[in-house]
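Notes to accompany the following structure.
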Amino acid sequence: MALSGIEIYKLLPKTNCKDCGVPTCMAFAMKLASGQAELSQCPHVSAESKAKLSTAAAPPIRTVTIGAGEKAVKVGGETVQFRHEKTFYNPTGIALRITDIEPEAQVQAKLENFSRNEYDRVGLKLKADLVLVDCESGKADQFQARVEKVAGATGAPLILRAADPEVLKAGLARIGDRKALIGPATAENRQAMAELAKSKSLPLLVQGKDLDSLIELSSELQAAGLNDLVLDTGTRILGKAFEEQVIIRRAAIAQQNKSLGFPTVVFPCLMTKDLRKEALYGSVFIAKYAGIVVLSDVPGEVLFPLLLERMNIFTDPQRPMATSPGIYEINNPAADSPVLITANFSLTYFIVSGEVENSKLPAWLIVLNTEGLSVVTAWAAGKFSADGIAAYVKKCGIDQKAPNKRLVIPGMVSGLSGELEEELPGWKIIIGPREAQHITPFLKEMK
Ligand code: SF4
0 MALSGIEIYK LLPKTNCKDC GVPTCMAFAM KLASGQAELS QCPHVSAESK
50 AKLSTAAAPP IRTVTIGAGE KAVKVGGETV QFRHEKTFYN PTGIALRITD
100 IEPEAQVQAK LENFSRNEYD RVGLKLKADL VLVDCESGKA DQFQARVEKV
150 AGATGAPLIL RAADPEVLKA GLARIGDRKA LIGPATAENR QAMAELAKSK
200 SLPLLVQGKD LDSLIELSSE LQAAGLNDLV LDTGTRILGK AFEEQVIIRR
250 AAIAQQNKSL GFPTVVFPCL MTKDLRKEAL YGSVFIAKYA GIVVLSDVPG
300 EVLFPLLLER MNIFTDPQRP MATSPGIYEI NNPAADSPVL ITANFSLTYF
350 IVSGEVENSK LPAWLIVLNT EGLSVVTAWA AGKFSADGIA AYVKKCGIDQ
400 KAPNKRLVIP GMVSGLSGEL EEELPGWKII IGPREAQHIT PFLKEMK
């Protein structure tokens, strides 16, 4: 249960030394209670208090790490039911399912989709995260061969799924120390699965027959000392599965239900045979509230919209989405190509860069740091001003790349042109279109 500000205050040193950057311990306690500060900001808190506060500060849904090293994926760790209450932290993992009875060529094609379909957006790399290998043959050697193939083809974190713990062991023997998620632990095999997960310190997938049996299993496994669980209600029907995801999230957050305080896995790939429907179902569970969504294939037309949806849901609603400031080259610009400037609000950047790209004409695009504000908002806030633009143009080195010095400013801020001419001697300031859709004809005229 989360502690109140007063309860936290009682555990702090109460010296008001200000080393945490806050004037008093009481103020720091209030910030900690509201999630606006980290306990590590107070260097004087005792080990005993730290232990108590850390436990109290643990998220109601446990964070589970799958995989090792840089590619490890974290799921769960959520603290709120609705994104606008604070933010969601760990994006839903998107997993590709491969079975051990699929033809070799099909597996190859799926793995190629998995590796190839990667996208750059807002300075982030977007891609599917995990590969799940499912044992449908029931044969240890067949499962092992498929696991070996998948593990050799991708460095992505793995989920190994087989009802028989002995079959799982055969698969695990081929992946070294990659810290796979294993399972499913069910009412039938729970003891052997628990022992296997415990002996190898691996997270465990738990599958119930319904919500009640899942709660029972989860409690039992926790009592046996397993803390890293991922929950599968076993439901393969869209409506019921959706309802269960909402119930689980609400129970974990609002009622602090410890048996349900874990990330979940949902299988749209087992709910329909139509890949387009699967993508739609996946989008439902990315929004509410799957820790992992498992798909049967990840071609671009399925994956890309899901990645964008996920990116939008798992950004901090209190911070505008921003693109990295800098000089962007579009359509191989040369020394005599025009230089356009815009704000670093992501949407603005994508619209402007997209229009320039579509024009097929080469240009340099300077993205100014406006702290994620759009051109007009940034201009009104003094963050897209003549002196700010001039200072960045001088320092970013664009004059070396584009010595013709033609700077196109957005038509919305045409009033800055006079001041910019004074601030940037030698540059020709050109007023661009007010709307991005007019960029192509504008650039053609400039040519
Ligand atoms: Fe209090 Fe710790 Fe902040 Fe000092 S650093 S004021 S002891 S909370």
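Under numbering that gives the first Met the number 0, the first residue of the sequence shown carries the number 0, and numbering increases by one thereafter. No residue lacks a Cβ here, since even glycine has one placed at the ideal position from N, Cα and C.
| request: Could you pull out every residue in the same chain whose Cβ sits closer than 7 Å to the Cβ of Leu-372, ignoring the five residues on either side in sequence? | output: For this step, residue 372 is matched to residue 373 along the sequence shown. Same-chain partners within the cutoff: Pro-319, Ala-342, Phe-344, Ala-380 and Lys-382.
| So with Cβ pairs under 8 Å, would you call Cys-268 a contact of chain C? | In summary, chain C is missing from the structure at hand, where a single protein chain is found.
| field | 8 Å contact criterion, which Leu-230 and Val-205 should meet: CB distance rounded | value | Along the sequence shown, read from residue 1 onward, the residue named residue 230 stands at position 231. Along the sequence shown, read from residue 1 onward, the residue named residue 205 stands at position 206. Right, their Cβ atoms sit about 6 Å apart.
| Per DSSP, Ile-291 is paired with what? | Counting from one through the sequence shown, the residue named residue 291 turns up at place 292. Beta-bridge pairing links Ile-291 to Gly-92 and Val-264.
| task | Select from Arg-120, Ala-184, Phe-113 and Ser-53 the residue whose C-alpha is nearest the C-alpha of Ala-150. | result | Position 151 of the sequence shown, counted from the first residue, corresponds to residue 150. For Ala-150, the nearest C-alpha among the options comes from Phe-113.
| task | Check whether the Cβ of Arg-11 sits closer than 7 Å to any heavy atom of ligand 1, and report yes or no. | result | Position 12 of the sequence shown holds residue 11. In the sequence as displayed, the identity of residue 11 is Leu instead of Arg. Yes, the Cβ of Leu-11 comes within 7 Å of a heavy atom of ligand 1.
| Applying the criterion that 16 or more other CB atoms from any shown protein chain within 10 Å of the CB defines a buried residue, is Gln-254 buried or exposed? | Sequence index remark: in the sequence shown, residue 254 carries index 255 (1-based). Exposed, since its Cβ has fewer than 16 Cβ neighbours within 10 Å.
| task | Alpha carbon to alpha carbon, how far is Gly-182 from Arg-459? Give it in angstroms, no decimals. | result | The shown model of the chain, from 0 to 446, leaves out residue 459, and the question about it has no answer.
| message | Quick check: is any heavy atom of ligand 1 less than 7 Å from the C-beta of Lys-17? | response | On the sequence shown, position 18 is the one that residue 17 refers to. Within the cutoff, so yes.
| request: Report whether the distance from the Cβ of Val-72 to the nearest heavy atom of ligand 1 is below 7 Å. | output: Looking up residue 72 in the sequence shown gives position 73. No.
| query | Hey, is the stretch 257-265 in contact with the stretch 214-223, meaning 3+ C-beta pairs nearer than 8 Å? | reply | yes
| query | What is the DSSP secondary structure of Ala-222, counted as helix, strand or coil? | reply | Counted from its first residue, the sequence shown places residue 222 at position 223. Note: Ala-222 maps to helix in three-state DSSP.
| Would you report the Cα separation of Gln-244 and Ala-289, rounded to the nearest angstrom? | For the purposes of this step, residue 244 is taken as the residue at position 245 of the sequence shown. For the purposes of this step, residue 289 is taken as the residue at position 290 of the sequence shown. Cα to Cα, Gln-244 sits roughly 7 Å from Ala-289.
| Contacting residues, own chain, Cβ-Cβ under 7 Å from Met-25 (five flanking each side not counted) | The sequence position of residue 25 within the sequence shown is 26, counting from 1. Here the set comprises Tyr-8.
| Span of the alpha helix (DSSP H) around Gly-281 | In the sequence shown, residue 281 corresponds to position 282, counting from 1. First-last of the alpha helix (DSSP H) with Gly-281: 274-286.
| message | For Ser-282 and Leu-302, which I take to be in contact (beta-carbon distance under 8 Å), what is that distance rounded to the nearest angstrom? | response | Your numbering for residue 282 matches position 283 in the sequence shown. Your numbering for residue 302 matches position 303 in the sequence shown. Actually they do not touch by this definition, with Cβ atoms about 11 Å apart.
| task | Alpha carbon to alpha carbon, how far is Gly-353 from Ala-333? Give it in angstroms, no decimals. | result | Here the question's residue 333 lines up with position 334 in the sequence shown. Here the question's residue 353 lines up with position 354 in the sequence shown. Going from the Cα of Ala-333 to the Cα of Gly-353 covers about 19 Å.
| message | For the alpha helix (DSSP H) containing Ile-452, name the first residue and the last one. | response | Residue 452 is absent from the structure shown; the chain starts at 0 and stops at 446.
| query | beta strand (DSSP E) containing Val-338: first to last residue? | reply | Numbered from 1 along the sequence shown, position 339 holds the residue referred to as residue 338. Note, Val-338: beta strand (DSSP E), 338-342.
| query | Do you know how far the Cα of Val-351 is from the Cα of Gly-410? | reply | Counting from 1 along the sequence shown, the entry for residue 410 is found at position 411. Counting from 1 along the sequence shown, the entry for residue 351 is found at position 352. Distance between the alpha carbons of Gly-410 and Val-351 is about 13 Å.
| said: For Glu-370 and Lys-394, what's the separation of their Cα atoms in angstroms? | reply: On the sequence shown, residue 370 is found 371 positions in, with the first residue counted as 1. On the sequence shown, residue 394 is found 395 positions in, with the first residue counted as 1. Those two C-alpha atoms are separated by around 18 Å.
| message | Does the structure place the stretch 140-156 close enough to the stretch 57-73 that three or more beta carbon pairs sit under 8 Å? | response | yes
| With respect to 7 Å, is the separation between the Cβ of Thr-14 and the closest non-hydrogen atom of ligand 1 below this value? | Your numbering for residue 14 matches position 15 in the sequence shown. Indeed, a heavy atom of ligand 1 lies less than 7 Å from the Cβ.
| query | Could you give the C-beta distance for Ser-358 and Leu-442, rounded to a whole number, given that I count them as a contact under 8 Å? | reply | Taking the first residue of the sequence shown as position 1, residue 358 is located at position 359. Taking the first residue of the sequence shown as position 1, residue 442 is located at position 443. Indeed, because the Cβ distance is near 5 Å, the residues count as touching under 8 Å.
| For Leu-314, which residues from the same chain have a beta carbon less than 8 Å from its beta carbon, with the 5 sequence-adjacent residues on both sides left out? | The residue labelled residue 314 in the question sits at position 315 within the sequence shown. Before going on, a small fix: residue 314 reads as Thr here, not Leu. Thr-86 and Met-320.
| request: Identify every residue that forms a DSSP beta bridge with Val-72. | output: As a working mapping, residue 72 is identified with position 73 in the sequence shown. Per DSSP, Ile-65.
| said: Less than 8 Å between the C-beta atoms of Val-297 and Asn-89, yes or no? | reply: Numbered from 1 along the sequence shown, position 298 holds the residue referred to as residue 297. Numbered from 1 along the sequence shown, position 90 holds the residue referred to as residue 89. Cβ distance not < 8 Å, so Val-297 and Asn-89 don't count as in contact.
| query | Within 7 Å: the Cβ of Cys-24 and any heavy atom of ligand 1? | reply | On the sequence shown, residue 24 is found 25 positions in, with the first residue counted as 1. Yes, ligand 1 has a heavy atom inside 7 Å of this Cβ.
| message | Can you find the residues in the same chain that come closer than 6 Å, C-beta to C-beta, to Leu-406, ignoring five residues on each side of it along the sequence? | response | As a working mapping, residue 406 is identified with position 407 in the sequence shown. Excluding sequence neighbours, Leu-406 sits near Val-338, Trp-426 and Ile-428.
| query | Apart from the five residues on each side of it in sequence, which residues of its chain come closer than 8 Å, Cβ to Cβ, to Lys-400? | reply | Locating residue 400 in the sequence shown gives position 401, counting from the first residue. Counting only Cβ-Cβ distances below 8 Å, and skipping sequence neighbours, we find Ile-326, Pro-332, Ala-334 and Trp-363.
| task | Would you give the residue range spanned by the beta strand (DSSP E) that Arg-120 belongs to? | result | Within the sequence shown, residue 120 is the residue found at index 121, counting from 1. Looking at the DSSP string, the run of the beta strand (DSSP E) that includes Arg-120 is 117-120.
| 8 Å Cβ shell around Gln-221 - same chain, five flanking residues per side excluded | For this step, residue 221 is matched to residue 222 along the sequence shown. Cβ neighbours of Gln-221 beyond the five flanking positions: Leu-228, Lys-257 and Ser-258.
| query | What do you reckon, are the CB atoms on Thr-91 and Ile-291 nearer than 8 Å? | reply | If you number the sequence shown from 1, residue 91 lands on position 92. If you number the sequence shown from 1, residue 291 lands on position 292. Yes; because the gap between Cβ atoms is below 8 Å, this pair is in contact.
| request: Run the CB neighbour count on Arg-309, radius 10 Å, all protein chains shown included, and call it buried at 16 or more, exposed below. | output: Within the sequence shown, the letter at position 310 stands for residue 309. Its Cβ being crowded by 16 or more others within 10 Å, Arg-309 is buried.
| query | Is there at least one non-hydrogen atom of ligand 1 closer than 7 Å to the beta-carbon of Cys-41? | reply | In the sequence shown, the residue the question calls residue 41 occupies position 42. Indeed, a heavy atom of ligand 1 lies less than 7 Å from the Cβ.
| message | Restricting to Cα atoms, I'd like to know which of Glu-37, Pro-102, Asp-128 and Ala-144 is closest to Thr-64. | response | Numbered from 1 along the sequence shown, position 65 holds the residue referred to as residue 64. That would be Asp-128, whose Cα lies nearest to the Cα of Thr-64.
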